[in-house]
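Novice: In my numbering, each number is its position in the sequence shown, counted from 1, plus 6. Ideal placement from N, C-alpha and C gives every residue a C-beta, glycine not left out.
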Amino acid sequence: MSDILSTRTFKFSAPQREECDILVIAGEHSGDEQASRMIASALKKNPDLRVCAFGGENLAKAGAQLLFDMTSFSVVGIFEVIKNYGFFKKLSEAVADWICQYKPKKVCFVDYPGFNLHLAKMLKERGVSVKGGGDIKLFYYISPQIWAWKAGRRFKMAEVLDSLATIFPFEPNCYADTSLPVKFVGHPFLEETYNPPVEYNKDGEILLLSGSRTIAVSRIFPIMVNALRYLPNERGVVIYPTQAIKNEIDAVLAKNQDVAKRIRVMLNGSEKISVKGAMMSSGTMSLSCSLEGIPGAIVYKANPFTYFLGRALVNIQYLSIANIILDKPAWREFIQFDASPEKIAKYMQECLTADARKTFCEYADTLKNILRAPAEQGVADWLLND
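Rendered as C-alpha cells:
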C-alpha cells in the first residue's frame, strides 16, 4: 500500500454551493459512520446547512459533499503509520490548503487523532483558526482515548480546539484541568435514529467481526476461521465494509475451504444480521454487539512491534470499550499470544447457552443506562449551537 500512497497527488473540488458552513474530517470507517448520523441530524434541524467532507460514503449519503474518500486509506498500528508517514503528511497539507482557500465556518474533526490534531495545529499555525487569530472554529467529535494513553495531549488539544464533544460520560472529567469546553453528548448507538446492524437469534449464525482495516483483518480473521473449525455444528457470517476488506476475507477463506463452506460473506449494512454469538475485534461495531447483549469474545492480534510498544504505553486493563465501561471482562478477551483458536472455540461454546444470554443482556442494560445522552444535549445541537 505504501507505494500507492506515496505517489498519489491530490485535487479536491470547490464547494458545490459556493461556500461551506461545516467541513467534516473523518479518516476511518467508524468515524465516517458516526459523523454521518451527526450530519443527518444537523441537516434535519437546518436543511440549508452546507456541508463538505473528507470522509467516506456514509457522509456522502447523509448529505455532505464528499471531497475525498479518507476511509480508503486508513491504517492501524504505529508501524503502519510510520511506514506511510509521507503520504499522510502530503494529505494533511493538501487538506489544509483547501481549508485556507475556501474557509469553512467550522471544521469538525471526527476521531482519528493522529491526523486530525496535526491538521488542527497546522490551521492554527497558518492563522486561519480561531486559536490562530482567524475566523474558523475547530470542533472535535469523539475524544481521543486520553484515559488510556497520551494523557498529556489534552493540553495541546486545548491550545488548538474550540469545542469537544465526547461519547462517554466519564471523558469530560479528563479535561477538567484544561481550558477546553467539553460536553458529553451521548453515544451515537443510543440515538433514536440508530438501527443496530445486528440482533440476537438463538438459531442464528456466529458473527466473525475482524475489523475494517485490511492489515488488522489479515491477522485476526484467520484466527476466527480456525476457531469456527472447532465448532463443527455452527455456521458463521462475516461482513465487509469495502471491496479491499472483502478481498482479504476471500483470500483467507480460499486457504480454508473446508470451513469456508459454513461461512456466509456479506456487505456491511446490506441487511440486519441475526446471530447467536460473535467473535469480535475491539472496533466500534463490537460495542453495537455488546449493546444488543450478544454473547461472545474479543479477539485481537497486532504487529508484534505495535503490540509490545502498546503494552508499554497504554494504561488500560481491557481492550473492549464495553469491558472498560463495565470495569470487568464481561466479553472475554483473547489478545495476541492468548488468541488460540482452540481456547476461543471452547469459550464460545460456553457462551451459546440460555443462561449465558441472560447474563449478557444484563451487561447490555447497564451499558445503555451509562451511555444515554443527557436531555437536549445531542451531538447535532452541539455542532450547530456551540
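1. In this structure, how does DSSP classify S135 when only helix, strand and coil are distinguished?
2. Using the Cα positions of F121 and D361, report the straight-line distance between them to the nearest angstrom.
3. With a Cβ-Cβ cutoff of 8 Å, do I226 and V244 count as a contact?
4. So, using beta-carbon positions, are T220 and I251 closer together than 8 Å?
5. I need the straight-line Cα distance from G139 to P335, nearest angstrom please.
6. How is S276 classed by DSSP in three states: helix, strand or coil?
7. Quick test of your reading: A303 and Q342, contact by CB under 8 Å. State the CB separation rounded to the nearest angstrom.
8. Would V61 and V30 qualify as a contact pair, given that the criterion is a beta-carbon distance under 8 Å?
9. Comparing C-alpha positions only, which one of T15, Y118, N64 and E25 sits nearest to K96?
10. With DSSP run on the structure shown, which of helix, strand or coil describes S12?
11. How far does the beta strand (DSSP E) with G302 in it extend, from its first residue to its last?
12. Output needed for N52: all residues of its chain with C-beta closer than 7 Å, excluding positions within five of it in sequence on either side, in chain order.
13. What is the rounded straight-line gap between the Cα of S296 and the Cα of R363?
14. Looking at the unbroken beta strand (DSSP E) that takes in K112, where does it start and where does it end?
15. Given that a residue counts as buried once 16 or more other Cβ atoms are within 10 Å of its Cβ, and exposed if not, what is L72?
16. Look at V204 and I327 and say whether their C-beta atoms are less than 8 Å apart.
17. State yes or no: is the beta carbon of C26 nearer than 8 Å to at least one beta carbon in chain D?
18. Let me confirm a value: G83 is counted as buried when at least 16 other C-beta atoms fall within 10 Å, else exposed. Which label applies?
19. Could you give the distance in angstroms between the alpha-carbon of D256 and the alpha-carbon of S346?
20. Under DSSP, the alpha helix (DSSP H) around E39 begins and ends at which residues?
21. Enumerate in chain order the residues of its own chain whose CB-to-CB distance from T248 is below 8 Å, with the five nearest sequence positions on each side excluded.
22. In angstroms, rounded to a whole number, what distance separates the CA positions of E254 and S224?
23. Between the C-alpha atoms of M128 and V113, what's the straight-line distance to the nearest angstrom?
Specialist: Quick answer:
1. Numbered from 1 along the sequence shown, position 129 holds the residue referred to as residue 135. DSSP places S135 in strand when its eight states are reduced to three.
2. Counted from its first residue, the sequence shown places residue 121 at position 115. Counted from its first residue, the sequence shown places residue 361 at position 355. Answer to the nearest angstrom: the Cα atoms are 44 Å apart.
3. The residue given as residue 226 occupies position 220 in the sequence shown. The residue given as residue 244 occupies position 238 in the sequence shown. Contact: no.
4. By one-based count along the sequence shown, residue 220 stands at place 214. By one-based count along the sequence shown, residue 251 stands at place 245. Yes. Within cutoff.
5. Indexing the sequence shown from 1 puts residue 139 at position 133. Indexing the sequence shown from 1 puts residue 335 at position 329. Using only the alpha carbons, I get a separation of about 47 Å.
6. The count along the sequence shown starts at 1 and reaches residue 276 at position 270. Per DSSP, reduced to three states, the secondary structure at S276 is coil, with no helix or strand assignment.
7. Stepping through the sequence shown from its first residue, residue 303 is reached at position 297. Stepping through the sequence shown from its first residue, residue 342 is reached at position 336. No, A303 and Q342 are not in contact; Cβ-Cβ is about 14 Å, not under 8 Å.
8. Along the sequence shown, read from residue 1 onward, the residue named residue 61 stands at position 55. Along the sequence shown, read from residue 1 onward, the residue named residue 30 stands at position 24. The sequence shown places Gly at residue 61, not Val. Yes, these two residues count as a Cβ contact at 8 Å.
9. To locate residue 96, count along the sequence shown from 1; it is residue 90. Checking every option, the nearest Cα to that of K96 belongs to T15.
10. Here residue 12 refers to the residue found at position 6 when the sequence shown is read from its first residue. The pLDDT assigned to S12 is 46, lower than 50, so where the model puts this residue is not dependable; a value taken from the coordinates is nonetheless given after this. Three-state result, S12: helix.
11. In the sequence shown, residue 302 corresponds to position 296, counting from 1. Counting along the chain, the beta strand (DSSP E) containing G302 begins and ends at G302 to Y306.
12. Mapped onto the sequence shown, residue 52 falls at position 46. Around N52: L390.
13. Position 290 of the sequence shown holds residue 296. Position 357 of the sequence shown holds residue 363. Roughly 11 Å separates the two Cα atoms.
14. The residue given as residue 112 occupies position 106 in the sequence shown. Taken as a continuous stretch (DSSP letters only), the beta strand (DSSP E) holding K112 covers K112 to V116.
15. In the sequence shown, the residue the question calls residue 72 occupies position 66. A residue is called buried once 16 or more other Cβ atoms fall within 10 Å of its Cβ, and L72 is buried on that count.
16. Position 198 of the sequence shown, counted from the start, is the residue given in the question as residue 204. Position 321 of the sequence shown, counted from the start, is the residue given in the question as residue 327. Not in contact: V204 and I327 (Cβ atoms no closer than 8 Å).
17. This model lacks chain D altogether, as it is built from one protein chain only.
18. Mapped onto the sequence shown, residue 83 falls at position 77. Interpretation of G83 is limited by its pLDDT of 47, a score under 50 that renders its predicted location unreliable; the figure taken from the coordinates is listed afterwards. With 16 or more Cβ atoms within 10 Å of its Cβ, G83 is classed as buried.
19. Stepping through the sequence shown from its first residue, residue 256 is reached at position 250. Stepping through the sequence shown from its first residue, residue 346 is reached at position 340. Going from the Cα of D256 to the Cα of S346 covers about 22 Å.
20. For the purposes of this step, residue 39 is identified with residue 33 of the sequence shown, where counting begins at 1. Where E39 is concerned, the enclosing alpha helix (DSSP H) stretches over H35 to K51.
21. Here residue 248 refers to the residue found at position 242 of the sequence shown. Result list for T248: H35, T77, S78 and S218, in chain order.
22. Here residue 254 is taken as the residue at index 248 of the sequence shown, counted from 1. Here residue 224 is taken as the residue at index 218 of the sequence shown, counted from 1. Our two residues, E254 and S224, have alpha carbons roughly 6 Å apart in a direct line.
23. One-based indexing of the sequence shown puts residue 128 at position 122. One-based indexing of the sequence shown puts residue 113 at position 107. So the alpha carbons of these two residues sit roughly 13 Å apart.
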